[in-house]
Amino acid sequence: MQRIMLRAKIHRVAVTQADLNYEGSCGIDEDFLDAAGMKEYERIELYNINNGERFSTYIIKGKRGSGEISLNGAAARRAHVGDLMIICTYGPMTDEEAAEHKPIVVLVDENNRIKEVIRKS
Numbered sequence: 421m422q423r424i425m426l427r428a429k430i431h432r433v434a435v436t437q438a439d440l441n442y443e444g445s446c447g448i449d450e451d452f453l454d455a456a457g458m459k460e461y462e463r464i465e466l467y468n469i470n471n472g473e474r475f476s477t478y479i480i481k482g483k484r485g486s487g488e489i490s491l492n493g494a495a496a497r498r499a500h501v502g503d504l505m506i507i508c509t510y511g512p513m514t515d516e517e518a519a520e521h522k523p524i525v526v527l528v529d530e531n532n533r534i535k536e537v538i539r540k541s
């Protein structure tokens, strides 16, 4: 049996841009992607701390070092610039893999800069 487990999350990152006229997706600073082990075009789940909205889309690379979190297309209707988000990826694992797995958690400061990268125990 496979279980869907949290692989990684970027925690309490602020939306920096929302563009309804873009074709879709979520632009994420490449530094965040590297820290979380996330890949461009990977499916993500987003949780808006400010309004409780929960939705999914996919990643596109944002400018490295920019702190960018841009919601594009339909996703732009789910949050306002400045809203705090939790961005998660999940993956299938066997019970054996899940027993040893520790997700990556990227903690972000009030300026959308990485303050700590940890593995949950």
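Sequential numbering of the sequence shown, starting at 421, is according to our numbering. Positions of the beta carbon are idealized from the N, C-alpha and C atoms, including for glycine.
Asked: Sub-8 angstroms separation of Gly482 and Ser490 beta-carbons; Found: yes
Asked: For Ala428, the first and last residue of its enclosing beta strand (DSSP E); Found: Gln422 to Ala434
Asked: Buried versus exposed call for Thr509 [16 or more other C-beta atoms within 10 Å across all chains shown]; Found: buried
Asked: Buried or exposed (CB count within 10 angstroms, at least 16 for buried), Met505; Found: buried
Asked: Leu440 - DSSP class collapsed to helix/strand/coil; Found: coil
Asked: Near the ligand SAM: His500 beta-carbon under 7 angstroms from a heavy atom; Found: Summarising the ligand content, the structure contains no ligands, and the ligand SAM is consequently not present.
Asked: Exposure label - Leu453; buried when at least 16 CB within 10 Å; Found: buried
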